[in-house]
Amino acid sequence: MEILMAVLAGILFTTGIYNLLQKQLLRIIIGTGLISHGAHLFILTMGELKRGAPPILTEGVEGYTDPLPQALILTSIVISFGVTSLLLVLAYRAAQVNGTDNMEQLRGNDYE
Amino acid sequence: MSNLVALPIILPLIAGILMAFIHKRTKVVRTLSQVFAVLHFLMVGFIFLQVKNNGSIILETGDWAAPYGIILVGDLLSMTLVLTTSVIGVASVFFAPQSLSKQQEEFYFYSFFFLLIAGVSGAFLTGDLFNLFVFFEVLLMASYGLIVLGNGKVQLRESIKYVLINLFSSMLFVTTISFLYSVVGTVNMAQIAERVREVEQQGILTTIGIMFFFVFATKAAVFPLYYWLPRPYISPNPVVSALFGALLTKVGVYSILRTFTLMFNQDVQLTHTLFIYLAALTMLFGVIGALSTNNVKLVIAYNIIPAVGFMLMGIGIFTETAISGTIYYLVHDMIIKAALFFLVGALVYVAGTSDLRKMGGLIHHHPLLAWLFFIASLVLAGIPPFSGFIGKLLLLQGGLSQDELMIVIVALISSLLILFSMIRIFIRGFWGEKQEDPHPERKWRGLKMTFPAGVLLALSILLGVGAEWFYPTIQSISEYLMDPQLYIDSVLKE
Chain A
1 MEILMAVLAG ILFTTGIYNL LQKQLLRIII GTGLISHGAH LFILTMGELK RGAPPILTEG
61 VEGYTDPLPQ ALILTSIVIS FGVTSLLLVL AYRAAQVNGT DNMEQLRGND YE
Chain B
1 MSNLVALPII LPLIAGILMA FIHKRTKVVR TLSQVFAVLH FLMVGFIFLQ VKNNGSIILE
61 TGDWAAPYGI ILVGDLLSMT LVLTTSVIGV ASVFFAPQSL SKQQEEFYFY SFFFLLIAGV
121 SGAFLTGDLF NLFVFFEVLL MASYGLIVLG NGKVQLRESI KYVLINLFSS MLFVTTISFL
181 YSVVGTVNMA QIAERVREVE QQGILTTIGI MFFFVFATKA AVFPLYYWLP RPYISPNPVV
241 SALFGALLTK VGVYSILRTF TLMFNQDVQL THTLFIYLAA LTMLFGVIGA LSTNNVKLVI
301 AYNIIPAVGF MLMGIGIFTE TAISGTIYYL VHDMIIKAAL FFLVGALVYV AGTSDLRKMG
361 GLIHHHPLLA WLFFIASLVL AGIPPFSGFI GKLLLLQGGL SQDELMIVIV ALISSLLILF
421 SMIRIFIRGF WGEKQEDPHP ERKWRGLKMT FPAGVLLALS ILLGVGAEWF YPTIQSISEY
481 LMDPQLYIDS VLKE
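Taken in sequence, the protein lines are chains A and B.
full-length UniProt numbering puts the first residue of the first sequence at 1, with every later residue one more than the last.
full-length UniProt numbering puts the first residue of the second sequence at 1, with every later residue one more than the last.
Encoded structure:
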């Protein structure tokens, strides 16, 4: 199961980076979204995938599920959600003001 | 007592939220911000003295014992940097009303400013790796707000690139933390430091260490990951550029310093040698960038990069002297970069252009600005007796004691080139025939813009002339950093 998840995270990363290298702004943003999903799945996998065990370690309990990765993911999801929405607004404004959403034309030079 | 250490984060956070509610009343917000910034400075100064006299203050939030809960560690290194941050905060908040337009002030500048200070202070103070990520995000979010403030065409274009590169490196940061978590099973820095010594396969830790370096190097603008830095840094208002130049890259350097003295010091041969080479390339390429342009703002922005190279050089050499050099340089660079961005902001304002070829003879109209700029150039290049000299001296001593001649030579050459790039602005911008003042009506406001920079410069000179007073503190920090066990013991309290 861990291997499957690792492969899935890997696929998400590759598609994310492929999209990140495109010229169109919206594709780039979708790319960042995919990468952050990959990263989140990765955290979950790294804390060992397990079912049916309590998330606390007390006396008498042998196996337990690690609750920390879930806390970490939650934080990370909220952050990437916020940044993505900001990025969408920013991209919209930038495309509107600059009159293009093609990164090739958004390069700029020194004296502006 | 230990709750004290949360205050440098909480106070600006409260201030930031408060300013968001009253953002339309410019005068009130201005005064309140100045009060809050000074208050922050006084409080941090008090905590700094406490830490200096009585040792580290550690806060276990929610009363969860050290390896389980999130902890805040106020040790001497963190508090020194937080103190420097708050000094820059005070200077910026007095500079801001002069350089911002009314609209920019109204639209939450002060809120973002305080959130940035909160994020930077938090990143310095935290003792938990995941929490470091969270504080990175807090300060980045604030910086996203600041960089688009003003809504200009160029600004929007550059800020997209800035947000994207930071978002990507943040995601890499999370991934790297999860790698480390799967190996050592903790995110508490002290416990990681303890456990990395017990891990059997040291190779994987070196790999993770290099991944961390990649993340922090992106934030700190180390070669070859500096390409994103110069343009986004010059597009916003001067006060924002000053905050970015002084604080953001330094948080990256601090993270490298912390992680590679505390946790990843098991393969010094590989990692720290890599740092030395990267430091040399960073210095050279940064300074070449600074020489390649006639845009005065861009010259200063490029000058951030060689400074990062100097700090990385100290971490790479990894002796007590070199690490003290890095810390000295870190504090010096935060102050002088803020001062330089202020001065250049004033220069561009009074000249009405940022193109060096269209300036000339400004010294006749603005003598104070010109001479302050001249002194700042000397400080930056490391001419004795100013503070840059002390930091560089320590770094070079460290380098020579380890027989790293290559980096010493590169450092000296790049210092010379830094001086050249700065004096070029002085000669072509300020010197020359007396011309008609392009904007005589801007004289008074331009003068007001130079005052905060003057204060920072005075501080910087004090740091150089009074090196005798500061050096013992810096030395004790570097002794403390070179012995990770001290940090581990103070946090975990076995």
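In this text, a Cβ means the ideal position worked out from N, Cα and C, and glycines have one as well.
From a predicted model like this one, the values you see are computed outputs, not experimental measurements.
Q) Going by the CB atoms, is the gap between B:G150 and B:N237 shorter than 9 Å? A) Start at 1 with the first residue of the second sequence, and residue 237 of chain B comes out as number 237. Start at 1 with the first residue of the second sequence, and residue 150 of chain B comes out as number 150. The Cβ atoms of B:N237 and B:G150 sit closer than 9 Å to each other.
Q) Taking 9 Å as the CB-CB limit, is A:S85 close to chain B? A) Taking the first residue of the first sequence as 1, we reach residue 85 of chain A at position 85. For A:S85, no Cβ of chain B is located within less than 9 Å of the residue's own Cβ.
Q: Under 8 Å Cβ to Cβ from B:I177, same chain only, skipping five residues before and after it: list those, please.
A: To locate residue 177 of chain B, count along the second sequence from 1; it is residue 177. Excluding sequence neighbours, B:I177 sits near L129, F130, F133, V187.
Q. Nearest chain B C-beta to A:V61 closer than 9 Å, yes or no?
A. Looking up residue 61 of chain A in the first sequence gives position 61. So, not an interface residue.
Q) So what does B:V73 bridge to, in DSSP terms? A) Here residue 73 of chain B corresponds to residue number 73 of the second sequence, with the count starting at 1. Residue pairing of B:V73 in beta bridges, as defined by DSSP: B:I58.
Q. Should B:T61 be labelled buried (16 or more other beta-carbon atoms within 10 Å of its own) or exposed?
A. Residue numbering aside, residue 61 of chain B sits at position 61 when the second sequence is read from its first letter. Result: exposed.
Q.
Need the endpoints of the alpha helix (DSSP H) that B:Y480 sits in, please.
A. Taking the second sequence and counting its residues from 1, the one referred to as residue 480 of chain B is at position 480. Segment 467–482, the alpha helix (DSSP H) holding B:Y480.
Q.
Measuring CB atoms only, is the stretch 238–247 of chain B touching the stretch 93–113 of chain B, in the sense that at least three cross pairs come out at less than 8 Å?
A. With a cut-off of 8 Å on Cβ pairs, the stretch 238–247 of chain B is in contact with the stretch 93–113 of chain B, counting three or more such pairs.
Q) Between A:L4 and chain B, is there a C-beta pair that is closer than 9 Å? A) Along the first sequence, one-based indexing puts residue 4 of chain A at 4. It does not; no Cβ of chain B falls within 9 Å.
Q | Coil, strand or helix - A:D66 by DSSP | A | Reading the first sequence from its first residue, position 66 is the one you call residue 66 of chain A. If DSSP states are grouped into helix, strand and coil, A:D66 belongs with coil.
Q.
Taking the straight line between their C-alpha atoms, what separation do you get for A:R27 and B:S235?
A. Here residue 27 of chain A is taken as the residue at index 27 of the first sequence, counted from 1. Here residue 235 of chain B is taken as the residue at index 235 of the second sequence, counted from 1. Put simply, the backbone Cα of A:R27 is about 25 Å away from that of B:S235.
Q: Going by CA-CA distance only, name the one from B:F36, B:L405, B:L362 that's closest to B:R442.
A: Along the second sequence, one-based indexing puts residue 442 of chain B at 442. For B:R442, the nearest C-alpha among the options comes from B:L362.
Q: Could you spell out the range, first to last residue, of the alpha helix (DSSP H) harbouring B:F310?
A: Sequence index remark: in the second sequence, residue 310 of chain B carries index 310 (1-based). Per DSSP, B:F310 belongs to the alpha helix (DSSP H) from 296–317.
Q | Under 8 Å (Cβ pairs) to chain B, residues found in the stretch 86–105 of chain A | A | Listed by position, the residues of the stretch 86–105 of chain A near chain B (Cβ gap below 8 Å) are L86, L87, L90, A91, R93, A94, V97, N98.
Q. Since B:L116 is in the alpha helix (DSSP H), which residue starts that stretch and which ends it?
A. Stepping through the second sequence from its first residue, residue 116 of chain B is reached at position 116. Segment 109–125, the alpha helix (DSSP H) holding B:L116.
(Q) What would DSSP say about A:Q24, mapped onto helix, strand or coil? (A) For the purposes of this step, residue 24 of chain A is identified with residue 24 of the first sequence, where counting begins at 1. In the structure shown, A:Q24 sits in a strand (DSSP, three-state: E or B).
Q. Nearest chain A C-beta to B:T218 closer than 9 Å, yes or no?
A. Locating residue 218 of chain B in the second sequence gives position 218, where the first residue counts as 1. B:T218 has a beta carbon lying at 9 Å or more from every beta carbon in chain A.
Q. Can you tell which of B:G360, B:I315, B:T259, B:I323 has its C-alpha closest to the C-alpha of B:N294?
A. Translated into the one-based positions of the second sequence, residue 294 of chain B becomes position 294. Checking every option, the nearest Cα to that of B:N294 belongs to B:G360.
Q | Residues that B:S178 contacts on chain A, provided the C-beta gap is smaller than 7 Å | A | Here residue 178 of chain B corresponds to residue number 178 of the second sequence, with the count starting at 1. Ordered by position in chain A, the residues that pass the 7 Å Cβ test against B:S178 are F42, I43, M46.
Q. Span of the alpha helix (DSSP H) holding B:G388?
A. Here the question's residue 388 of chain B lines up with position 388 in the second sequence. Per DSSP, B:G388 belongs to the alpha helix (DSSP H) from 387–401.
Q: For the stretch 80–114 of chain B, enumerate the residues whose C-beta is nearer than 9 Å to any C-beta of chain A, in chain order.
A: Answer set for the stretch 80–114 of chain B: empty.
Q. From the beta carbon of B:Y144, is the nearest beta carbon of chain A less than 9 Å away?
A. Counting from 1 along the second sequence, the entry for residue 144 of chain B is found at position 144. True, the Cβ-Cβ gap to chain A drops below 9 Å.
Q) Can you tell me whether DSSP reads B:D333 as helix, strand or coil? A) In the second sequence, counting from the first residue as 1, residue 333 of chain B sits at position 333. Here B:D333 sits in helix by DSSP.
Q) What is the C-beta distance between B:T84 and B:V308, in whole angstroms, given that I count them as a contact (C-beta under 8 Å)? A) Locating residue 84 of chain B in the second sequence gives position 84, counting from the first residue. Locating residue 308 of chain B in the second sequence gives position 308, counting from the first residue. No, B:T84 and B:V308 are not in contact; Cβ-Cβ is about 16 Å, not under 8 Å.
Q.
For B:L416 and A:L72, I'd like the C-alpha separation in whole angstroms.
A. Reading the second sequence from its first residue, position 416 is the one you call residue 416 of chain B. Reading the first sequence from its first residue, position 72 is the one you call residue 72 of chain A. In this structure, the CA atom of B:L416 is about 47 Å from the CA atom of A:L72.
Q) What does B:I413 reach in chain A if we use C-beta pairs closer than 9 Å? A) Locating residue 413 of chain B in the second sequence gives position 413, counting from the first residue. Contact annotation for B:I413 against chain A: no contact, minimum CB-CB distance about 25 Å [criterion: below 9 Å].
Q) Taking just the CA atoms, how far does B:F136 sit from B:S170? A) Counted from its first residue, the second sequence places residue 170 of chain B at position 170. Counted from its first residue, the second sequence places residue 136 of chain B at position 136. Cα to Cα, the separation comes out at about 8 Å.
**Q.** Given 8 Å, three or more beta-carbon pairs between the stretch 66–73 of chain B and the stretch 104–114 of chain B
**A.** Counting C-beta pairs with one atom in each stretch, the stretch 66–73 of chain B and the stretch 104–114 of chain B have fewer than three that are closer than 8 Å, which means they do not touch.
**Q.** Own chain residues within Cβ distance below 7 Å of B:T26, not counting five before or after
**A.** By 1-based counting over the second sequence, the position of residue 26 of chain B is 26. So the qualifying residues of the chain are K102, E105, E106.
(Q) Comparing C-alpha positions only, which one of B:V138, B:P384, B:R197 sits nearest to B:G464? (A) Locating residue 464 of chain B in the second sequence gives position 464, counting from the first residue. Closest by C-alpha distance to B:G464, out of B:V138, B:P384, B:R197, is B:P384.
Q. Does at least one heavy atom of the ligand GDP sit under 8 Å from the Cβ of B:V222?
A. With respect to the ligand GDP, the structure offers nothing, as it holds no ligand at all.
Q: Measuring alpha carbon to alpha carbon, tell me which of A:G82, A:Q24, A:E48, A:F81 ends up nearest A:G63.
A: Start at 1 with the first residue of the first sequence, and residue 63 of chain A comes out as number 63. Of the candidates A:G82, A:Q24, A:E48, A:F81, the one whose C-alpha sits nearest the C-alpha of A:G63 is A:E48.
Q: For B:P438, I'd like the list of residues in its chain whose CB is within less than 7 Å of its CB, leaving aside the five on either flank, ordered along the chain.
A: One-based indexing of the second sequence puts residue 438 of chain B at position 438. Excluding residues within five positions, the ones whose Cβ falls inside 7 Å are A351, G352.
Q. Chain A beta carbons: is any one of them nearer than 9 Å to that of B:N237?
A. Here residue 237 of chain B corresponds to residue number 237 of the second sequence, with the count starting at 1. With 9 Å as the cut-off, B:N237 does not count as an interface residue toward chain A.
Q | Three-state secondary structure assigned by DSSP to B:D128 | A | Residue 128 of chain B sits at position 128 when you count from the first residue of the second sequence. B:D128 falls in the strand class under three-state DSSP.
Q: Please go through the same chain and pick out, in chain order, the residues whose beta-carbon is closer than 8 Å to the beta-carbon of A:I35, but skip the five residues on each side of it.
A: As a first step, residue 35 of chain A is located in the first sequence; it is residue number 35 there, counting from the start. Close CB contacts of A:I35 within its chain, under the 8 Å cut and outside five residues either way in sequence, are with L12, F13, G16, I17, L20 (chain order).
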